[in-house]
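J.:
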(Lines of atoms letter the chains of each structure in order from A and count residues from 1; the text may use other names and numbers.)
(Lines give C-alpha, C1' and ligand atoms only; values in the text may rest on other atoms or scores of the structure.)
Protein backbone atom coordinates (compact mmCIF):
# COMPACT_ATOMS: atom_id res chain seq x y z
CA UNK A 1 0.00 0.00 0.00
CA UNK A 2 2.82 2.36 0.90
CA UNK A 3 4.55 1.62 -2.40
CA UNK A 4 1.33 2.44 -4.29
CA UNK A 5 0.99 5.77 -2.51
CA UNK A 6 4.63 6.63 -3.21
CA UNK A 7 4.17 5.79 -6.89
CA UNK A 8 1.01 7.88 -7.10
CA UNK A 9 2.74 10.81 -5.40
CA UNK A 10 5.70 10.51 -7.76
CA UNK A 11 3.34 10.49 -10.75
CA UNK A 12 1.56 13.60 -9.49
CA UNK A 13 4.86 15.42 -8.93
CA UNK A 14 6.17 14.40 -12.36
CA UNK A 15 2.92 15.40 -14.07
CA UNK A 16 2.87 18.76 -12.30
CA UNK A 17 6.50 19.40 -13.27
CA UNK A 18 5.76 18.60 -16.92
CA UNK A 19 2.66 20.83 -16.91
CA UNK A 20 4.54 23.68 -15.24
CA UNK A 21 7.45 23.40 -17.71
CA UNK A 22 5.02 23.47 -20.64
CA UNK A 23 3.14 26.41 -19.16
CA UNK A 24 6.36 28.41 -18.65
CA UNK A 25 7.48 27.61 -22.21
CA UNK A 26 4.15 28.74 -23.68
CA UNK A 27 4.27 31.87 -21.53
CA UNK A 28 7.79 32.68 -22.69
CA UNK A 29 6.80 32.21 -26.33
CA UNK A 30 3.76 34.45 -25.85
CA UNK A 31 5.85 37.16 -24.17
CA UNK A 32 8.34 37.09 -27.06
CA UNK A 33 5.52 37.19 -29.61
CA UNK A 34 3.93 40.18 -27.87
CA UNK A 35 7.29 41.97 -27.76
CA UNK A 36 7.92 41.30 -31.45
CA UNK A 37 4.55 42.76 -32.47
CA UNK A 38 4.48 45.49 -29.83
CA UNK A 39 1.23 44.12 -28.38
CA UNK A 40 0.12 43.68 -24.79
CA UNK A 41 -2.81 42.06 -23.05
CA UNK A 42 -5.95 44.14 -23.62
CA UNK A 43 -4.24 46.53 -26.05
CA UNK A 44 -5.64 47.47 -29.44
CA UNK A 45 -3.94 47.64 -32.82
CA UNK A 46 -4.84 49.13 -36.18
CA UNK A 47 -5.56 47.28 -39.41
CA UNK A 48 -5.30 49.53 -42.46
CA UNK A 49 -6.22 48.00 -45.81
CA UNK A 50 -6.37 49.16 -49.40
CA UNK A 51 -9.70 49.95 -50.94
CA UNK A 52 -10.64 47.57 -53.77
CA UNK A 53 -9.28 49.44 -56.78
CA UNK A 54 -11.96 48.24 -59.21
CA UNK A 55 -14.92 48.74 -56.88
CA UNK A 56 -16.98 51.95 -56.84
CA UNK A 57 -17.59 51.54 -53.11
CA UNK A 58 -15.18 53.35 -50.79
CA UNK A 59 -15.59 50.62 -48.18
CA UNK A 60 -14.94 47.68 -50.50
CA UNK A 61 -11.84 45.56 -49.81
CA UNK A 62 -10.46 42.83 -52.06
CA UNK A 63 -11.30 39.37 -50.72
CA UNK A 64 -7.62 38.44 -50.47
CA UNK A 65 -6.91 41.61 -48.51
CA UNK A 66 -9.79 40.60 -46.23
CA UNK A 67 -8.11 37.23 -45.77
CA UNK A 68 -4.85 39.04 -44.95
CA UNK A 69 -6.68 41.13 -42.33
CA UNK A 70 -8.05 37.93 -40.79
CA UNK A 71 -4.52 36.53 -40.49
CA UNK A 72 -3.32 39.72 -38.80
CA UNK A 73 -6.34 39.93 -36.51
CA UNK A 74 -5.61 36.35 -35.44
CA UNK A 75 -2.08 37.40 -34.47
CA UNK A 76 -3.55 40.19 -32.34
CA UNK A 77 -6.03 37.82 -30.70
CA UNK A 78 -3.26 35.32 -29.88
CA UNK A 79 -1.46 38.15 -28.09
CA UNK A 80 -4.59 39.05 -26.14
CA UNK A 81 -5.06 42.29 -28.08
CA UNK A 82 -7.93 43.68 -30.14
CA UNK A 83 -7.71 44.62 -33.81
CA UNK A 84 -9.62 47.63 -35.15
CA UNK A 85 -9.92 48.12 -38.89
CA UNK A 86 -9.43 51.63 -40.26
CA UNK A 87 -10.80 52.47 -43.71
CA UNK A 88 -8.63 54.28 -46.23
CA UNK A 89 -10.73 57.42 -45.81
CA UNK A 90 -10.45 57.38 -42.00
CA UNK A 91 -7.51 58.92 -40.13
CA UNK A 92 -5.23 56.23 -38.71
CA UNK A 93 -3.71 58.56 -36.13
CA UNK A 94 -0.16 59.20 -35.07
CA UNK A 95 2.47 56.61 -35.80
CA UNK A 96 3.65 54.74 -32.72
CA UNK A 97 0.57 55.13 -30.55
CA UNK A 98 -0.67 51.66 -31.48
CA UNK A 99 0.78 48.73 -33.36
CA UNK A 100 -0.26 49.14 -36.98
CA UNK A 101 -0.62 46.58 -39.76
CA UNK A 102 -0.82 48.39 -43.09
CA UNK A 103 -1.86 46.18 -46.01
CA UNK A 104 -1.45 47.15 -49.66
CA UNK A 105 0.88 49.08 -51.91
CA UNK A 106 0.90 52.84 -52.38
CA UNK A 107 -1.61 54.79 -54.44
CA UNK A 108 -5.02 56.33 -54.12
CA UNK A 109 -6.43 53.08 -52.70
CA UNK A 110 -4.09 53.18 -49.70
CA UNK A 111 -2.80 56.67 -48.84
CA UNK A 112 -1.33 55.35 -45.59
CA UNK A 113 1.12 53.10 -47.47
CA UNK A 114 2.00 56.02 -49.71
CA UNK A 115 2.94 58.12 -46.67
CA UNK A 116 4.98 55.34 -45.05
CA UNK A 117 6.96 54.74 -48.24
CA UNK A 118 7.46 58.44 -48.88
CA UNK A 119 8.63 59.35 -45.39
CA UNK A 120 10.23 56.24 -43.87
CA UNK A 121 10.91 53.53 -46.47
CA UNK A 122 12.40 55.97 -48.94
CA UNK A 123 14.72 53.36 -50.41
CA UNK A 124 11.73 51.45 -51.85
CA UNK A 125 10.23 52.93 -55.01
CA UNK A 126 7.00 51.67 -56.55
CA UNK A 127 6.48 52.28 -60.25
CA UNK A 128 3.49 54.36 -61.24
CA UNK A 129 0.61 52.14 -62.27
CA UNK A 130 0.31 52.03 -66.05
CA UNK A 131 -3.21 51.08 -67.04
CA UNK A 132 -2.10 50.57 -70.65
CA UNK A 133 0.09 47.53 -69.96
CA UNK A 134 -0.81 46.87 -66.31
CA UNK A 135 2.88 46.89 -65.38
CA UNK A 136 3.35 46.49 -61.64
CA UNK A 137 6.82 46.79 -60.12
CA UNK A 138 8.94 48.25 -57.36
CA UNK A 139 12.67 48.85 -56.98
CA UNK A 140 14.83 48.11 -53.94
CA UNK A 141 18.62 48.20 -53.67
CA UNK A 142 18.89 48.83 -57.41
CA UNK A 143 16.90 45.69 -58.25
CA UNK A 144 13.51 45.93 -59.96
CA UNK A 145 10.87 43.42 -58.98
CA UNK A 146 8.18 43.07 -61.65
CA UNK A 147 4.96 41.11 -61.54
CA UNK A 148 4.81 38.38 -64.20
CA UNK A 149 2.25 35.65 -64.89
CA UNK A 150 4.41 33.24 -62.88
CA UNK A 151 5.67 35.46 -60.05
CA UNK A 152 4.67 38.37 -57.88
CA UNK A 153 6.41 40.21 -55.04
CA UNK A 154 5.67 41.95 -51.76
CA UNK A 155 7.56 44.19 -49.36
CA UNK A 156 7.30 43.07 -45.73
CA UNK A 157 8.71 45.60 -43.28
CA UNK A 158 8.67 46.52 -39.61
CA UNK A 159 9.65 50.01 -38.52
CA UNK A 160 9.01 52.77 -36.02
CA UNK A 161 8.36 56.48 -36.26
CA UNK A 162 10.76 59.11 -34.92
CA UNK A 163 9.21 58.84 -31.46
CA UNK A 164 9.43 55.00 -31.42
CA UNK A 165 6.42 53.72 -29.46
CA UNK A 166 4.63 50.83 -31.17
CA UNK A 167 5.82 49.36 -34.49
CA UNK A 168 4.27 49.52 -37.95
CA UNK A 169 4.15 46.41 -40.12
CA UNK A 170 3.85 47.22 -43.82
CA UNK A 171 2.72 44.53 -46.27
CA UNK A 172 2.95 46.22 -49.65
CA UNK A 173 2.47 43.79 -52.50
CA UNK A 174 2.06 44.08 -56.23
CA UNK A 175 -1.21 42.16 -55.93
CA UNK A 176 -3.76 41.45 -53.20
CA UNK A 177 -2.61 37.82 -53.33
CA UNK A 178 0.92 38.98 -52.51
CA UNK A 179 -0.43 40.91 -49.52
CA UNK A 180 -2.08 37.73 -48.26
CA UNK A 181 1.15 35.78 -48.76
CA UNK A 182 3.02 38.33 -46.63
CA UNK A 183 0.39 38.14 -43.88
CA UNK A 184 0.64 34.35 -43.78
CA UNK A 185 4.43 34.50 -43.86
CA UNK A 186 4.38 36.90 -40.90
CA UNK A 187 1.94 34.68 -38.99
CA UNK A 188 3.96 31.51 -39.65
CA UNK A 189 7.51 32.85 -39.43
CA UNK A 190 7.38 35.52 -36.74
CA UNK A 191 9.47 33.38 -34.36
CA UNK A 192 12.18 33.08 -37.00
CA UNK A 193 12.02 36.83 -37.64
CA UNK A 194 12.17 37.52 -33.89
CA UNK A 195 15.32 35.44 -33.56
CA UNK A 196 16.92 37.38 -36.40
CA UNK A 197 15.77 40.93 -35.62
CA UNK A 198 14.68 40.80 -32.00
CA UNK A 199 11.91 42.99 -30.67
CA UNK A 200 13.47 46.36 -31.42
CA UNK A 201 15.23 46.25 -34.80
CA UNK A 202 13.57 47.36 -38.06
CA UNK A 203 13.64 45.09 -41.08
CA UNK A 204 12.54 45.14 -44.70
CA UNK A 205 12.28 41.99 -46.79
CA UNK A 206 11.29 41.30 -50.38
CA UNK A 207 9.21 38.15 -50.65
CA UNK A 208 8.58 36.29 -53.90
CA UNK A 209 5.39 34.32 -54.46
CA UNK A 210 6.09 31.63 -57.06
CA UNK A 211 3.35 30.37 -59.39
CA UNK A 212 0.53 32.00 -57.40
CA UNK A 213 -2.12 30.74 -59.83
CA UNK A 214 -1.10 27.16 -59.09
CA UNK A 215 0.21 27.31 -55.52
CA UNK A 216 -1.59 30.32 -54.05
CA UNK A 217 0.53 31.48 -51.11
CA UNK A 218 2.15 28.09 -50.44
CA UNK A 219 5.41 28.88 -52.27
CA UNK A 220 6.59 32.11 -50.68
CA UNK A 221 10.29 32.81 -50.13
CA UNK A 222 12.62 35.63 -49.14
CA UNK A 223 14.59 36.84 -52.14
CA UNK A 224 16.27 39.88 -50.57
CA UNK A 225 16.85 41.52 -47.20
CA UNK A 226 16.95 45.20 -48.12
CA UNK A 227 16.95 46.57 -44.58
CA UNK A 228 20.25 48.41 -45.12
CA UNK A 229 18.85 50.52 -47.96
CA UNK A 230 15.09 50.60 -47.37
CA UNK A 231 15.25 53.27 -44.69
CA UNK A 232 17.67 55.51 -46.56
CA UNK A 233 16.73 58.30 -48.90
CA UNK A 234 16.23 57.21 -52.49
CA UNK A 235 19.07 58.34 -54.82
CA UNK A 236 18.42 61.46 -56.84
CA UNK A 237 17.68 60.83 -60.54
CA UNK A 238 20.67 61.13 -62.85
CA UNK A 239 21.05 64.24 -64.93
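Residue numbers (the working numbering): 6 to 244.
Every residue, glycine too, gets a C-beta built ideally from N, C-alpha and C.
(1) Taking the C-alpha atoms as reference points, what is the distance between residue 142 and residue 91?
(2) For residue 165, which residues in the same chain have their Cβ closer than 6 Å to its Cβ, ignoring the five residues on either side in sequence?
(3) Within 10 Å of its beta-carbon, does residue 211 have 16 or more other beta-carbons around it, so buried, or fewer, so exposed?
(4) For residue 177 versus residue 159, is the C-beta spacing smaller than 8 Å?
(5) Looking at the secondary structure, which residues open and close the beta strand (DSSP E) in which residue 87 lies?
(6) Just reading off the alpha helix (DSSP H) that residue 46 is part of, what are its end residues?
(7) Sorted by chain position, which residues of the same chain lie with C-beta nearer than 6 Å to residue 47's C-beta, five sequence neighbours on each side aside?
(8) Enumerate in chain order the residues of its own chain whose CB-to-CB distance from residue 233 is below 7 Å, with the five nearest sequence positions on each side excluded.
(9) In terms of residue numbering, what span does the beta strand (DSSP E) encompassing residue 172 cover?
(10) I think residue 86 touches residue 49, with their Cβ atoms under 8 Å apart; what is that distance to the nearest whole Å?
(11) Could you compute how far the alpha carbon of residue 227 sits from the alpha carbon of residue 112?
(12) In terms of residue numbering, what span does the beta strand (DSSP E) encompassing residue 108 cover?
T.: According to the structure shown:
(1) 26 Å
(2) 172
(3) buried
(4) yes
(5) 87-91
(6) No alpha helix (DSSP H) holds residue 46; DSSP gives it neither H nor E.
(7) none
(8) none
(9) 169-178
(10) 6 Å
(11) 24 Å
(12) 104-108
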